[in-house]
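So the protein lines, in turn, are chains A and B.
Whatever position you read off the first sequence (first residue = 1), add 176 for this note's numbering.
Whatever position you read off the second sequence (first residue = 1), add 99 for this note's numbering.
A virtual CB, placed ideally from N, CA and C, is assigned to each residue, including glycine.
First the structure, in the form of structure tokens, and then the observations on it.
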Amino acid sequence: MLSVDLAQVRIIAGKEFRDRIRNLWVLAVAVIFSLFALAIAYFGSAQQGSVGFRGIDVTIASLVSLVIYLVPLIALILGYDAIVGERERGSLELLMSMPITRFEILFGKYLGLALALAVSTVVGFGAGLLPMASQLGMNDLYHYIGFVLSAILMGMAFLSLSVLVSVLAADRMRASGLAIALWFFFVLIFDLLLTGALVVSQGNLGSAVFGTLLMLNPADVFRLLNIFSSEQVQTMYGLATVMPETLTDPMVLVAIMLGWIVTPFLIANWRFK
Amino acid sequence: MISNPIQVINVNKRFGDVQALGGVSLSVGKGEMFGLIGHNGAGKSTLFKLMLGLMPPSAGEVRIHGTLTSGRDFRQARRRIGYLPENFVTYDNLTGLEVLQLFADLKQVSRDECMPILERVGLADAAGRRVRGYSKGMRQRLGFAQVLLGNPDLIFLDEPTNGLDPEGIHDFYRILRDVQARGATVIITSHILAEIQERVDRLVILSSGRVAAEGTLAELRAKMVLPSVIELTLNPGHGQQLHGALAPMGLDMEIGEEQARIACPQAKKIAVLGAIGALNGAVRDIVVHEPSLEDLFFGYGGGHA
């Protein structure tokens with residue numbers, strides 16, 4: 177059986193996390209998130225002809241549309257270099273000659289990067305909402321925390337994909353290309369294809385099939401998580417009515433998202449030579 | 100001989116269709132300074148990687164302190180190993196001290212060891228500076244510093260003096276002698292043969308993934324089948340005469356108008372020199388080149404003797 181020395185995992189994770197703190201990556205991403213959160217909270221309703229904070233559900237709905245582009249991109253950029261970068265520079269060989277297993281290296285790197293992403297997400301979205309804090313009730317806060325957590329989960333899923341890319345790619349150039357391609361596919365193309373399939377089938381694509389297909393994209397899982405955890409948001413999406421019952425349960429959606437986090441990582445570990 | 104810290108037993112390593120190592124066996128005794136010599140691509144680095152358990156052999160086995168390097172138990176053995184890769188590359192964004200502390204943590208060695216080791220390799224003043232600003236020689240010293248962490252009893256050095264200036268090379272061997280005196284086993288590759296020659300107890304010459312020769316320097320010289328090279332300066336017009344005198348001996352000769360070059364097996368040397376001496380007036384000068392370690396190396400290893 178594989179034995180895991182958590183002390184070694186922590187050393188690698190600590191190094192990766194400190195690196196991201198030190199080169200200001202965490203700060204930069206947190207600032208970006210907080211600016212977006214602030215802007216959307218204030219100006220999210222500008223299209224309806226008004227500015228100012230219009231309530232947490234509207235804000236979350238707008239933030240979801242933004243975060244669904246931004247977080248996968250940031251996670252993919254964060255992780256694509258993790259293994260292939262050290263391999264290309266030549267530091268990986270010495271690291272692997274240490275009393276540490278490949279799994280511990282990979283897991284440590286993943287945890288360190290995931291922590292960096294989580295911290296910047298929490299701090300960024302936390303700070304962004306601070307000016308509105310006095311206008312929020314407990315329920316609002318609860319929804320917002322749910323949104324932030326789901327954003328972190330989606331980030332971890334795309335981070336897992338990017339670590340897989342980093343293990344598979346022959347060099348950094350190809351890894352970055354592959355990472356960007358994944359972003360295009362999951363964030364831009366996937367939904368287009370799905371919509372296309374719906375149109376071609378003239379709506380005959382059953383809701384079970386359609387719902388299952390949505391689960392093949394962690395970004396869509398994220399979107400659904402945020403739709404089905406708020407009744408008010410649900411009513412703003414016509415989509416809500418076509419989903420099969422089981423896939424509207426947030427716990428099921430979270431479980432599927434966890435699958436998206438674990439599976440690419442396990443494949444990466446299997447392929448890590 | 101289970102007591103030998105390094106045992107390589109009939110190892111093959113293939114990368115697809117390419118055979119990097121074919122039937123390599125060697126054994127290094129405790130406290131030995133062992134040299135590994137070969138051209139680029141001879142399989143030295145591959146052999147190192149197998150010995151460090153960085154990749155499994157395609158066939159055969161490698162044991163370090165009796166433990167299979169391809170097995171799960173090998174990670175514990177790694178705590179007692181110091182390794183300096185051919186190109187030591189590390190994390191440029193960290194300081195020298197931080198890099199050393201990272202490796203100390205991974206080897207579960209106290210961080211208190213780090214500063215004394217940096218002093219030992221002459222990097223104490225640069226300990227707080229980021230590696231980004233280090234010269235090639237300083238990086239190599241840092242690489243050597245991480246080898247010394249935890250007093251390893253087995254040390255692998257791949258071209259360790261690359262990038263070091265003469266003073267650095269001197270320092271390096273001084274520290275290595277201390278380490279060896281403490282009982283550590285050292286296995287070292289180098290392309291600077293004169294350097295290896297003075298220092299190793301025993302060496303292996305690797306050629307196209309096979310052991311071409313193994314032994315102490317004296318043993319290798321004794322086994323040596325390389326000819327001496329005799330260079331002659333002739334008085335004009337005596338080439339034919341020289342050829343006539345030496346032809347019956349079956350030698351490899353190039354005879355020109357005023358120069359001649361004769362490859363002479365050791366066993367025939369005296370006879371050949373006697374025959375040349377008998378050619379009164381034909382020869383103006385004579386120089387005999389004995390095969391050097393370089394020739395030995397190329398003779399065994401490269402096939403262009």
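Counterpart residues of residue i in DSSP-defined beta bridges
i	result
R309(B)	S306(B)
D204(B)	DSSP output for D204(B) lists no bridge partner at all.
S126(B)	Q106(B)
A119(B)	Per DSSP, none; premise fails for A119(B).
G314(B)	L302(B)
A158(B)	N111(B)
M132(B)	V285(B)
L167(B)	R162(B)
R229(B)	T194(B)
G137(B)	L305(B)
Span of the alpha helix (DSSP H), counted from its first residue to its last, around residue i
i	result
R383(B)	From DSSP, R383(B) is part of no alpha helix (DSSP H) but of the beta strand (DSSP E) over 382 to 388.
E262(A)	260 to 265
F229(A)	First-last for F229(A): undefined, no H or E at that position.
Q311(A)	Note, Q311(A): premise wrong, no alpha helix (DSSP H); not H, not E.
G372(A)	366 to 376
V188(B)	Taken as a continuous stretch (DSSP letters only), V188(B) belongs to no alpha helix (DSSP H), as it is neither H nor E.
F279(A)	278 to 305
E218(B)	213 to 219
G343(B)	338 to 345
Any C-beta of chain B under 8 Å from that of residue i
i	result
L270(A)	yes
R265(A)	yes
I236(A)	no
I443(A)	no
S273(A)	yes
K191(A)	yes
D347(A)	no
I208(A)	no
D257(A)	no
T422(A)	no
D195(A)	yes
N402(A)	no
I276(A)	yes
I253(A)	no
Q311(A)	no
I216(A)	no
Collapsed DSSP secondary structure at residue i in the structure displayed
i	result
F168(A)	Absent from the structure is residue 168(A), since the part of chain A shown begins at 177 and ends at 449.
K367(B)	helix
A189(A)	helix
A206(A)	helix
T422(A)	helix
A359(B)	strand
M100(B)	For M100(B), the predicted model reports a pLDDT of 47, less than 50, meaning its position is unreliable and no value from the coordinates is stated.
L183(B)	strand
G152(B)	coil
S234(B)	coil
K449(A)	coil
L378(B)	coil
D181(A)	coil
T260(B)	coil
L275(B)	helix
D257(A)	coil
L200(A)	coil
V339(A)	helix
C-beta neighbour in chain A for residue i, strict 8 Å
i	result
D204(B)	yes
I272(B)	The amino acid at residue 272(B) is misidentified as Ile; the sequence shows Tyr. It does not: the Cβ of Y272(B) has no partner Cβ on chain A nearer than 8 Å.
L151(B)	yes
R174(B)	yes
M100(B)	Any reading at M100(B) must be qualified, since the residue scores a pLDDT of 47, below 50, and its modelled position is unreliable; the value itself is stated next. No, no contact with chain A.
R113(B)	no
R177(B)	yes
Residue i, enclosing beta strand (DSSP E) - first and last residue
i	result
L253(B)	253 to 257
L333(B)	327 to 333
D351(B)	351 to 354
Using a beta-carbon distance cut-off of less than 8 Å, what residues from the region 184 to 201 of chain B approach chain A?
P184, N186, F187, V188, T189, Y190, N192, L201
Listed from N- to C-terminal order along the chain, which residues in the region 224 to 252 of chain B have their beta-carbon within a distance smaller than 9 Å of any beta-carbon of chain A?
G242, Q245
In chain order, what residues of the region 314 to 336 of chain B put their CB closer than 7 Å to some CB of chain A?
none
For the region 368 to 394 of chain A, which residues have a CB atom closer than 8 Å to at least one CB atom of chain B, in sequence order?
none
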